[in-house]
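Residue numbers (my numbering), protein chains in the order written: chain U, 5 to 299; chain C, 5 to 299.
In structure tokens, the structure reads:
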């Protein structure tokens with residue numbers, strides 16, 4: 005059995021794993037995200053210390069990431085609002101230190117890949133993975149492969165209806181103010197109410213707004229991508245009670261235009277939490293390492 | 005050279021064509037859209053009268069259309085708001101009358117296909133075709149093939165910001181009110197101002213709203229699909245002056261988050277009118293007939 009590496013590069017932490025699949029994990033390490041220099045040095049160290057040969061490493065990174073292999077910035081994190089991380093050569097820095105094939109994709113694309121390969125979406129061709137956490141992002145897996153397009157999806161920055169009379173919060177996105185991410189990410193909830201989401205009670209009005217905004221985003225994604233399943237992950241979605249509220253709101257917003265069972269009695273199979281839970285990201289990075297080396 | 009048939013099935017008219025490519029068209033007929041029985045009978049008549057054998061026919065239809073070949077409603081127009089046309093078996097009706105291979109896709113998907121095959125997007129892998137006319141729809145061509153997903157894109161029904169203080173119009177969509185189509189389609193402009201768009205002068209405030217709504221829709225599509233080119237067709241977009249206003253607004257809304265030249269100095273090559281003009285639809289239906297028979 006060959007050994008692969010996976011890195012989930014997040015704004016708060018980098019999770020590294022060594023193994024071949026979810027049932028065969030050899031070692032793991034969590035690294036706090038500080039500056040690129042320090043963080044990437046610790047990632048390199050983790051893999052350099054491995055006792056067995058590594059066939060390839062996959063990285064699932066926060067973004068935007070340049071994924072166009074013909075670009076001279078291939079593998080860079082580019083215009084992120086995250087301090088210190090603008091224009092960071094993640095792929096190049098790791099590649100130069102560890103002489104082996106290294107592949108990169110977005111954090112949400114690899115999480116979707118993991119759900120398609122090892123999770124609840126194994127038989128599906130059109131799988132959307134949405135994360136609602138520090139940011140809002142989406143990965144889309146078509147026929148088992150992460151979709152990119154010209155760059156890659158950046159669904160958090162779509163614009164949705166925002167009734168400023170009901171909710172005067174101007175939004176928390178440093179680029180767009182009240183885009184989807186600016187209204188519904190974890191930091192947006194925190195900024196809006198002065199309290200982190202995990203400390204807000206279930207009957208707090210925050211969750212009515214959150215449900216509306218996330219559902220609106222999902223409806224727009226359904227109108228555009230028409231996925232077979234939507235997997236909703238990320239820190240905010242660990243509040244599992246939100247799922248039923250979001251499903252109801254999505255159905256309300258569709259208003260019968262889509263008459264498939266996925267929008268009626270099968271909606272609880274249509275919008276689901278990740279089967280791999282918080283491990284979807286790092287396992288997806290491992291899946292990327294395997295799939296891309298094989299292709 | 006083999007002969008193929010193409011049908012652009014629209015809410016106002018059905019355009020039929022016989023030929024093999026844009027330079028080899030043998031005959032054409034335009035049929036006014038009335039009831040399904042009368043309209044489809046005239047379509048069948050056009051092809052039945054052909055003097056040479058037809059290899060296959062492609063249909064690009066207004067929607068929603070059931071495109072899932074394993075569904076018993078495959079080839080039906082389903083929940084359309086268009087009177088008489090709900091649950092119409094377009095593909096089956098034509099197939100039963102004309103014994104030959106018949107293929108169906110959405111009107112916007114085939115228009116995008118035509119632009120990819122014979123128009124301005126021949127070398128591109130991710131091509132978005134958006135029509136702003138009687139409705140608002142989008143077709144997406146990945147590697148030369150129309151994209152479907154579970155159903156097919158229905159981008160007109162996405163929700164976008166709508167400042168009701170600035171624009172109190174409740175929207176014209178019979179399902180959703182002020183979705184993108186409800187705010188920015190031709191009928192929405194007509195209903196909002198009491199005058200058809202083509203009779204509104206260029207400095208009428210209608211075009212400021214129109215620009216904002218269309219640009220907002222495009223930004224959401226960019227955030228989701230990340231296309232390499234956006235082709236904007238349809239009756240409303242024949243007002244060519246709108247293009248520069250929409251491009252400027254898209255760039256403003258992106259606020260530097262996307263730093264590719266497509267959002268800067270190359271935006272006039274990024275958001276473009278169809279090279280095949282109003283013939284993109286019917287030529288796309290012909291392209292569908294050829295491509296699907298060959299595949």
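Note that the Cβ used here is the ideal one computed from N, Cα and C, for glycine as well.
Within the DSSP secondary-structure output, residue 17 of chain C pairs in a beta bridge with C:36. For residue 30 of chain U, the secondary structure class from DSSP, reduced to helix, strand or coil, is strand. Across the stretch 225-236 of chain C, CB contacts with chain U closer than 7 Å involve 225, 227, 228, 229, 230, 231, 232, in sequence order along the chain. Residue pairing of residue 177 of chain U in beta bridges, as defined by DSSP: U:181. Beta-bridge partners assigned by DSSP to residue 134 of chain C: C:142, C:236.
Below 8 Å, too few C-beta pairs join the stretch 168-180 of chain U and the stretch 255-271 of chain U to call them touching: fewer than three. Taking all protein chains in view, the Cβ of residue 224 of chain C is crowded by 16 or more other Cβ atoms within 10 Å, so the residue is classified as buried. Taking 8 Å as the cut-off, the beta carbon of residue 68 of chain C is found closer than this to the beta carbon of residue 155 of chain C.
Rounded to whole angstroms, the gap between the alpha carbons of residue 8 of chain C and residue 20 of chain C is 11 Å. Note that the stretch 177-195 of chain C touches the stretch 222-242 of chain C; at least 3 beta-carbon pairs, one per stretch, sit closer than 8 Å.
Counting only runs of at least 3 residues, the stretch 224-288 of chain C fully encloses the following beta strand (DSSP E) elements, listed from N- to C-terminal order: 233-237. Taken through DSSP and simplified to helix, strand or coil, residue 10 of chain C comes out as strand. The continuous beta strand (DSSP E) containing residue 109 of chain U extends over residues 106-110. Collapsing the DSSP output to three states places residue 25 of chain C in a strand. Around the beta carbon of residue 5 of chain U, fewer than 16 other beta carbons sit within 10 angstroms, so the residue counts as exposed. Of the residues C:196, C:219, C:119, the one whose Cα lies closest to the Cα of residue 210 of chain C is C:196. For residue 150 of chain C, the three-state secondary structure derived from DSSP is strand. Contact between residue 131 of chain C and residue 108 of chain C is absent: CB atoms are separated by about 20 Å, not below the 8 Å threshold. Close CB contacts of residue 54 of chain U within its chain, under the 7 Å cut and outside five residues either way in sequence, are with 22 (chain order).
Nearest in C-alpha terms to residue 83 of chain C, of all of C:92, C:76, C:75, is C:92. Around residue 271 of chain U, no beta-carbon contact reaches into chain C at under 9 Å, the shortest distance being about 13 Å. Chain order gives the chain C residues near residue 155 of chain U as 230, 262, 264, where near means a beta carbon separation below 8 Å.
Between residue 64 of chain U and residue 137 of chain U, the C-beta spacing is not below 8 Å. Listed by position along chain U, the residues whose Cβ is nearer than 8 Å to that of residue 163 of chain C are 164, 165, 220, 223, 224, 257. By the Cβ test, the stretch 288-296 of chain C is in contact with the stretch 21-35 of chain C, since at least three Cβ pairs between them sit closer than 8 Å. For residue 92 of chain U, the three-state secondary structure derived from DSSP is strand. Of all residues in the stretch 22-39 of chain C, none is placed with a Cβ closer than 8 Å to any Cβ belonging to chain U. Taking 7 Å as the Cβ-Cβ cut-off, the stretch 60-91 of chain C approaches chain U at 82, 83, given in chain order. Straight across, the Cα-Cα distance linking residue 167 of chain U with residue 166 of chain C is about 9 Å.
Here residue 190 of chain C carries a helix assignment [DSSP, helix/strand/coil]. Rounded to whole angstroms, residue 191 of chain C and residue 200 of chain C show a C-alpha spacing of 8 Å. By the beta-carbon neighbour count (other beta carbons within 10 angstroms, threshold 16), residue 265 of chain C is exposed. When C-alpha distances from residue 241 of chain U are compared across U:193, U:286, U:79, U:269, the shortest belongs to U:193. DSSP, reduced to helix, strand and coil, places residue 99 of chain C within a helical segment of the structure shown.
Listed along chain C are 226, 227, 228, 230, 261, 262, each with a C-beta nearer than 9 Å to that of residue 158 of chain U. In its chain, beyond the 5 residues on either side, 7 have a beta carbon closer than 6 Å to the beta carbon of residue 56 of chain C.
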